[in-house]
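I have placed the structure first, in the form of structure tokens, so that the comments after it can refer back to it.
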Amino acid sequence: MIKKILYVLIAALVIIQFIRPKQNVSAGPFTNDVNTKFAVNDNVASILKQSCYDCHSNNTVYPWYANVQPVTWWLQDHVNEGKKELNFSEFATYTAKRQRKKFNEIMDEVKEGKMPLPSYTWIHKKAILTAEQKAALYKWCEESLATLPPAEPSQQSDNNKTSAK
């Protein structure tokens, strides 16, 4: 009986290898990328590519284990959620209000050490941000925010409420 269950489980594992989600891979060019609207120096571009773009762009560089089911499903769901929250490849299409919000969220997430996610940096050690990289991202966000039109008074009070929390 145990052998039969084991055979069924192995067969199921083999069969699910053929059921694959669509991968997040685009050839580009990305005409709405964040760097088309905001100045992104080489250092920040490198940081974004190394630590952010796998989950927050239209082009994920998949690791070897992304070819093993059911890991692929979990990984693709994670990428889809990341892109839904923030997609640097589509950043120029965001409204100024949303861009402002995203820059503030990036600063908060990086400052608090929430991004990149520990589940990502556990395997991708090069994605761990140094203090200098965090400072560079923070400065870039501040500089980018300064290029946006001023927030409407209701937005400014909303931002103040968020900052006070």
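Every letter in the sequence shown is one number past the one before it in this note's numbering, and letter 62, counting from 1, is 1434.
Beta carbons: idealized from backbone N, C-alpha and C, even for Gly.
This one's a predicted model, so the numbers in the text were calculated from it and none came from an experiment.
Chain C contact for residue i (CB, 8 Å cutoff)
i, result
"I1478", "Absent here is chain C; the protein component of the structure consists of one chain."
Three-state secondary structure assigned by DSSP to residue i
i, result
"G1454", "helix"
"Y1437", "helix"
"E1514", "helix"
"A1503", "helix"
"T1403", "coil"
"Y1492", "helix"
"N1431", "coil"
"S1535", "Summary for S1535: the model assigns pLDDT 49, below 50, so the residue's position carries little reliability, and this model does not support an answer."
"F1390", "coil"
"V1380", "helix"
"Y1425", "helix"
"L1520", "coil"
Reference residue i; option with closest CA among the options
i, options, result
"E1515", "I1388, K1498, V1412", "V1412"
"T1519", "H1496, E1457, K1498, K1469", "K1469"
"Q1395", "A1417, W1446, P1488, L1517", "W1446"
"V1397", "N1452, C1513, I1382", "N1452"
Cβ neighbour criterion (16 or more within 10 Å) applied to residue i
i, result
"Y1425", "buried"
"G1454", "buried"
"R1472", "buried"
"T1487", "Before going further, note that residue 1487 is Met rather than Thr in the sequence given. Classification for M1487: buried."
Contact under 8 Å by Cβ, residue i with residue j
i, j, result
"Y1466", "K1474", "yes"
"I1495", "P1435", "yes"
"A1499", "Y1492", "yes"
### Task
Take every Cβ of the stretch 1445-1465, pair it with every Cβ of the stretch 1387-1406, and state whether three or more of those distances are shorter than 8 Å.
yes
#### Entry: Contact between the stretch 1505-1513 and the stretch 1480-1487 (3+ Cβ pairs under 8 Å)
yes
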